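**Student:**
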Amino acid sequence: MRIQAAALIKVNPDRPLAEEKVQHLYRMCQRVVAFKSVCVVCKTTSGDAQRKLEYCAACKTVKYCSKECQRVHWKAGHKRCCRPAQDLRKGDIVQLQGLVARSDLNGSYRELGEFNQEKGRWEVTWLRGSNGILIKPDNLVRAVTVEEMVDFYAITGGIPSFF
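What follows is the structure, given as structure tokens:
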């Protein structure tokens, strides 16, 4: 997993993160894949559930096996970072997909910078800023919200580049 994390999460070399923080952030990003078939609260899988797991109606990024699990997660803090998946904000961590000219970047995680109104594209950078390129919104999948990043930095120490 170390090689994969280093390959997919590029951190600004002028503002490095400790290896354990990169690994922690990578695991946060991987939850997008992991939570597609698991209840985010009780870890019930889609095969174990008495009924189909349902996505959060607003953000469509986490699934629940019951209304009870949904309420528990909401009260535990999901309400703070829940917003529609297409509602991207500066500081969100996104996964790049469907790029043709830069297919080497597909599957990698980047930090959102500013939205360029004139070109209709988001600037995406290495984590903690630098080396930005412009990407169409259709080629971005939000993995971690800026609100979750604030929590990440509060837990691991340091100041996010978007502050």
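So that you can map any letter, position 68 of the sequence shown is 56 in my numbering, and since no number is skipped, the others follow by simple counting. Note that beta-carbon positions come from the ideal geometry of N, C-alpha and C, so glycine has one too. Predicted, not measured: the structure shown is a model, and the values here were computed from it.
1) With distances taken Cα to Cα, identify the nearest neighbour of C30 among A45, V60, T49.
2) Provide the residue(s) that pair with R130 in DSSP beta bridges, ordered along the chain.
3) What residue does the alpha helix (DSSP H) around E106 start on, and which one ends it?
4) Report the three-state DSSP secondary structure of C27 (helix, strand or coil).
5) How many angstroms separate the CA atom of V26 from the CA atom of N127?
6) Could you tell me which of K63, K124, L84 sits nearest to E106, measuring between CA atoms?
7) Count the other C-beta atoms from every protein chain shown that fall within 10 angstroms of the C-beta of G108, then say buried if there are 16 or more, exposed otherwise.
**Tutor:** On the basis of the data shown:
1) V60
2) V82
3) That residue, E106, is in no alpha helix (DSSP H); it is neither H nor E in DSSP.
4) strand
5) 25 Å
6) K124
7) exposed
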